[in-house]
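A quick write-up on the structure given underneath.
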Amino acid sequence: MGARQRPAEYGDSFNMKIIVFFGHHKVGSTALQDFFSKNFQSLLDKKILYPMVDFQGLSLMLAKCATLRPESDDVRLPINAREAHNALAFKMIEEHRNSPVPPFHTHLPHTSQMFHAIRCQINAINPDHVVLISEVMANFGTITSSFFQRLKKEFPRAEFQFIATIRRVDEYLMSWHSQRLRFGHKLAPLDQGGLETYFDGIHFNYQRMIKPWIDAFPEANFVIRNHADVMMNGGSIEDFKVQSGLIYPDNMKPPSIANPSYHRATFELARRANKDLPPESAVKARNFLELITPALELPKSSQIELIGEKARLEMYDRFAPIHDFLGTTIRSGPFFSDFEKVRECQPIHYSEATEVILPQLGKHLPILRDEVARNFFQKNLTQ
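With the numbering used here applied, the sequence shown corresponds to residues 767 to 1149, in that order.
As structure tokens, this is what we get:
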């Protein structure tokens, strides 16, 4: 017998393609991550690897492949398995600038061990495609170019494709503001100074998000998608299937979770709760609002204005050169065909929506067990 062939070293395969979805936030990445992690086993049949990065994720996927944890039983995987590449991105940021990983990602190894775990999976499985999905990576370009060099070092001979989705800036910022309320952040209203906090970062300056990736990987294929087009194409999962060009197995399991925004009528009360209440009670207050929203008579969320005319005009003027960049670098012509709508206010100011919701809270308050949160709503009812 001849000598057994030594497995290829990590990244030596010229045929391996790495597809990186690097954001934005609030564009369907949670559903996309849940979809890929849930279908880990069936994707391997098509030589597509959605790699794990820690002991928990690897253990769960081992059980899945051994049929000890059937895909049909997956309701909600732990976040380290579901959003493995967010965990990797957070850890890379922490190691670069000593910025703590969010507490929902626990017991993470060093990034050298994370990349080693990916290397072992690639060597053992020999996939044709590796898929990395992380909206946290949208921040890389504003932190350090060394993150890009790290990816090149870890995958020295692979072919790269990068996919990102961006939303019209006004719609996006309202959705991201909602996400920050969910995180418990203490925020100013968007029309009272809150908007200004976003101007210099990736949540407003899409050029700062995208251009460093293009500069670092000039030979790579970039697919930057308009969120409106993604939704017309069936949502983040269906659109990713098309843009990635991969052949997927039949009968894949749908995602179990998504990351919806709060109804805009609840924004101001959630904002006040974050500002005025201890964190534990603020969580209870926000959960209460989210729970009772379907039972309330409210205007459509999309009809509620959070930004205001003056702030919208400033937003339009500041974003115009960024939109020009998108129109020249990403596609020929305006990237957002409806960009002019950035200047248009919705008919119902959020203060009016708050006045609509307040009288309806009283009959629901008995289900709110947290006394501090309950007193908070009672106080707002009587003001």
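Ideal Cβ positions, reconstructed from N, Cα and C, are used throughout, including at glycine. Predicted model, so just to flag it, every value in this text is computed and none were measured.
Closest Cα partner of residue i within the set the options
{"i": "Tyr892", "options": "Leu815, Ala982, Arg1038", "result": "The residue asked about is misnamed: residue 892 is Asn in this sequence, not Tyr. Answer by Cα proximity: Leu815."}
{"i": "Tyr972", "options": "Ala986, Arg934, Glu849", "result": "Arg934"}
{"i": "Ile888", "options": "Pro817, Gly794, Thr931, Phe856", "result": "Pro817"}
{"i": "Lys783", "options": "Pro1060, Lys918, Asp1104", "result": "Lys918"}
{"i": "Val1108", "options": "Ala1077, Thr877, Asp894, Val1008", "result": "Ala1077"}
Backbone CA spacing between residue i and residue j [nearest angstrom]
{"i": "Gln1144", "j": "Gly1128", "result": "8 Å"}
{"i": "Val896", "j": "Leu1012", "result": "11 Å"}
{"i": "Val786", "j": "Tyr1082", "result": "30 Å"}
{"i": "Pro1132", "j": "Pro869", "result": "31 Å"}
{"i": "Lys857", "j": "Thr1148", "result": "46 Å"}
{"i": "Phe914", "j": "Ile1023", "result": "30 Å"}
{"i": "Leu1134", "j": "Asp1042", "result": "17 Å"}
{"i": "Met998", "j": "Gly959", "result": "33 Å"}
{"i": "Ser838", "j": "Cys831", "result": "Reliability fails at Ser838, whose pLDDT of 49 lies under 50, so the model's placement of it is uncertain and no value is given."}
{"i": "Lys813", "j": "Asp995", "result": "28 Å"}
Run of the alpha helix (DSSP H) containing residue i, from where it starts to where it stops
{"i": "Ile884", "result": "877-891"}
{"i": "Ala1139", "result": "1137-1148"}
{"i": "Asn1053", "result": "1045-1058"}
Pair within 8 Å by beta-carbon distance, residue i and residue j
{"i": "Phe926", "j": "Phe881", "result": "no"}
{"i": "Ile909", "j": "Ile859", "result": "yes"}
{"i": "Ala1039", "j": "Leu1064", "result": "no"}
{"i": "Asn992", "j": "Phe1101", "result": "yes"}
{"i": "Tyr1116", "j": "Phe1006", "result": "no"}
{"i": "Asp820", "j": "Pro875", "result": "yes"}
{"i": "Leu828", "j": "Ala847", "result": "no"}
{"i": "Ala930", "j": "Ile845", "result": "no"}
{"i": "Leu853", "j": "His873", "result": "It is worth fixing the name first, because residue 853 is Ala in this sequence and not Leu. Contact: no."}
{"i": "Ile1073", "j": "Asp957", "result": "yes"}
Terminal residues of the beta strand (DSSP E) in which residue i lies
{"i": "His895", "result": "895-899"}
{"i": "Phe926", "result": "925-932"}
{"i": "Ile1133", "result": "Unbroken run through Ile1133: none, as it is neither H nor E."}
{"i": "Lys783", "result": "783-787"}
{"i": "Ile990", "result": "987-992"}
For this session: Count the CB pairs spanning the segment 1026-1038 and the segment 938-954 that are closer than 8 Å, and state whether there are at least three.
Result: They touch, by the three-pair rule.
For this session: Count the C-beta pairs between the segment 932-942 and the segment 1047-1057 that are closer than 8 Å, then say yes if the count reaches three, no if not.
Result: No, the segment 932-942 does not touch the segment 1047-1057.
Exercise. Quick one: any contact between the segment 967-983 and the segment 1085-1098, if contact means 3 or more CB pairs under 8 Å?
Worked result: Enough Cβ pairs lie closer than 8 Å, so yes.
Problem set entry | Contact between the segment 1065-1072 and the segment 1131-1142 (3+ Cβ pairs under 8 Å) | No contact exists between the segment 1065-1072 and the segment 1131-1142.
For this session: Tell me, please, whether the segment 993-1012 touches the segment 785-803 by the rule of three or more beta-carbon pairs shorter than 8 Å.
Result: Enough Cβ pairs lie closer than 8 Å, so yes.
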